[in-house]
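Visitor: Quick one: the structure is below, and I'll ask about it shortly.
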Amino acid sequence: MNYEDILNATRSMVTEYMSGLDPSHDMYHVDRVTRLALDIAKTEKEQGVTVDLQLVELAALCHDIGDRKYYQGKETGGELIYTFLNEQKYPKARLVSKIVDHVGFSKELGWNDEKDDKEQVRWRNECHELFAVQDADKLDAIGAFGILRCAAYSGAKNRPLYVPNDKHIENISQEEYLNNQTSSAISHFHEKLFRLKSMMRTSRGKELAKERDEFMRNFVTQIENEINL
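The sequence shown begins at 74 in my numbering and counts up by one.
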């Protein structure tokens with residue numbers, strides 16, 4: 074199969090997979106992340122960085138496969154993707170799967186460059202294809218779409234939008250984040266979304282995050298103003 078055939082097969086598989094999820098994690102989200110990831114990767118290339126655009130595109134398309142918020146199987150998302158892409162005879166299936174398994178806020182919270190495997194640390198700090206997909210996924214979690222997605226996910230999970238006197242967790246750890254079942258939507262902004270701008274890994278990601286972060290903060294300020302009338 075040529076790349077276009079592999080891309081089309083992958084898109085069909087992802088479209089079917091995402092069709093069972095709520096609007097915060099649907100195919101429109103995947104398409105936005107893919108577009109952003111390619112924009113970031115192309116900017117990196119213009120700056121002289123070696124980036125494989127096909128690798129970025131496939132990893133962005135597949136980045137939510139196996140997301141633990143929805144998937145309860147034994148395999149990781151990367152393992153699911155490797156099986157699929159290997160069947161399509163894609164030569165870099167293993168690398169796509171590795172990128173997918175490194176995308177996600179909760180995963181990054183668990184990283185420790187001092188204690189983790191040195192080869193893993195080196196790879197995740199040098200793989201620009203990973204950077205592009207990570208930044209793209211974070212960008213769609215903030216700004217106007219981030220607000221919509223937070224509300225949509227909260228509705229799907231019956232999470233309160235706002236809880237008076239709710240105390241959000243400062244500098245939330247991976248364990249706290251994964252076990253935090255009572256957080257309100259507004260607490261989610263403080264615990265996760267307001268941190269994402271500082272976690273961008275590319276110059277383009279940092280540039281795009283500024284306006285989105287400001288818009289999102291203004292929204293939460295307005296919520297607080299309305300509550301405090």
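By construction, the Cβ of each residue, glycine as well, lies at the ideal position given by its N, Cα and C atoms.
The structure presented is a predicted model; accordingly, all values stated were derived computationally and were not measured.
Could you check where the alpha helix (DSSP H) with residue 288 kicks off and where it finishes?
Guide: If you look at residue 288, you'll find it in the alpha helix (DSSP H) that goes 276-300.
Visitor: Just to confirm the assignment, what range does the alpha helix (DSSP H) spanning residue 261 have?
Guide: 258-264
Visitor: Please list, in chain order, all residues of the same chain as residue 90 whose beta carbon is under 7 Å from its beta carbon, the five residues on each side excluded.
Guide: Its chain contains 138 as the residues whose beta carbon lies nearer than 7 Å to that of residue 90, once the 5 sequence neighbours on both sides are disregarded; these appear in chain order.
Visitor: If residue 278 sits next to residue 113, beta carbons under 8 Å apart, how far is it from one beta carbon to the other, in whole angstroms?
Guide: About 6 Å; that satisfies the 8 Å criterion.
Visitor: Can you give me the C-alpha to C-alpha distance between residue 301 and residue 237, rounded to a whole angstrom?
Guide: 10 Å
Visitor: Please determine if the segment 111-128 and the segment 157-177 are in contact, where contact requires at least 3 C-beta pairs separated by less than 8 Å.
Guide: yes
Visitor: Three-state secondary structure (DSSP) at residue 200?
Guide: coil
Visitor: State the start and end residues of the unbroken alpha helix (DSSP H) segment that holds residue 133.
Guide: 126-135
Visitor: With the cut-off set at 7 Å, would you say residue 282 and residue 205 are in Cβ contact?
Guide: no
Visitor: Give the straight-line distance between the Cα atoms of residue 225 and residue 188, rounded to the nearest whole angstrom.
Guide: 37 Å
Visitor: Under a Cβ-count criterion, where at least 16 other Cβ atoms within 10 Å of its own Cβ denotes burial, should residue 92 be classed as buried or exposed?
Guide: Its Cβ having fewer than 16 others within 10 Å, residue 92 is exposed.
Visitor: Exposed or buried, residue 97, counting other C-beta atoms within 10 Å across all chains shown (16 or more means buried)?
Guide: buried
Visitor: Alpha helix (DSSP H) containing residue 247: first to last residue?
Guide: 247-252
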